[in-house]
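Notes to accompany the following structure.
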Amino acid sequence: MASSLREHSTPRKIFRIVYPVGIHFVITQLAALLIMGIYLMLGSRDSIGSTLLITGLASLFIIPLGVYLMRQDDWKRMYFGNIWKITVLDAGIAFGLGMCYGQIGNTVIGLLNLFDLFGSYNQMMGQILTGENFFSMLLWIGIAAPAAEELLFRGLIYRRLKDYVNPWAAMLISSLMFGIYHGNMIQFLYATFMGIIFVLLLERTRSMWGCILAHMGANIWSVVLTCYGETLSGIGNGFLVSFLVLLLVVGGIFGILYFKNRTPGRYSS
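In terms of the numbering used here, the sequence shown has 109 at position 117, counting the first letter as 1, and numbering is strictly consecutive.
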């Protein structure tokens, strides 16, 4: 049955690759409408447009659907292995590499002055995060959203692309789709770069947890800096932040060396 996937017509291949993005979009819009309806019924408008609530609710629906669709795909590929198996060491290193490359991505964007060039991005993020507390950001941005996005973009889109094209092309196309879906130039560049990292970790760990934990690591580190960056910068005249960044770089180098000679998995063949 795996060979029959390669015999799909071109329109069917395109639809099979693209429709997970449509699923994410539709569920997100339905989540927004549901939250709006609930708050209107309660007579409150305070959180009616909360992006975090919308993201969180959508993710709760997307996660089980993504797992189900992945299982259907693996049945069609005649793959009966365990794509969720991962060692504790691999999991920890993947999480740390996500933090490391998330920091690298943001640092490069900052050095290129892209935050100033695309000033509307800072304004948009300010509006999204205003009034949100650390724990809600940690839950929805740091945990729920990464799991949902990895299931769709790596678990479904990337692995489906591998059914039709070589792994490098699949990695590039799925990462570009991931970047485009984020909807602005800064996030496009950052998400495309991180998408490549997530694919590499999926392949090197041979587990979906590799890319999910890396994505969580990147987002959690971003949440910590968003909420406590100024406080951390004030400790020791910025020494603590510099030390943490240095620690991430050293950890990143260790992680690269650790996975360097690991043979990529062939679970989706």
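No residue lacks a Cβ here, since even glycine has one placed at the ideal position from N, Cα and C. Remember, predicted model here, so these are calculated numbers, not experimental data.
In this structure, the alpha-carbon of residue 46 lies about 12 Å from that of residue 128. For residue 160, the three-state secondary structure derived from DSSP is helix. Taking 8 Å as the cut-off, the Cβ atoms of residue 169 and residue 149 count as close.
Short of 6 Å from the beta carbon of residue 205, and not among the five residues preceding or following it, lie these beta carbons of its own chain, in chain order: 83, 86, 87. Shown here for residue 22: not one same chain residue has a beta carbon closer than 7 Å to its own, the five before and five after excluded.
Collapsing the DSSP output to three states places residue 185 in a helix. Under the 8 Å Cβ criterion, the region 150 to 162 does not count as touching the region 125 to 140, having fewer than three qualifying pairs.
For the region 65 to 131, there is no continuous beta strand (DSSP E) assignment of 3+ residues that stays within its boundaries. For residue 142, the enclosing alpha helix (DSSP H) stretches over residues 137 to 142. Rounded to the nearest whole angstrom, the CA to CA distance from residue 173 to residue 239 is 31 Å. Cβ-Cβ distances below 6 Å link residue 98 to nothing in the same chain once the five nearest sequence neighbours on each side are left out.
Counted as a single uninterrupted DSSP element, the stretch harbouring residue 174 is not any alpha helix (DSSP H), since DSSP gives it neither H nor E. Contact between the region 72 to 79 and the region 193 to 203 is present, with at least three C-beta pairs closer than 8 Å.
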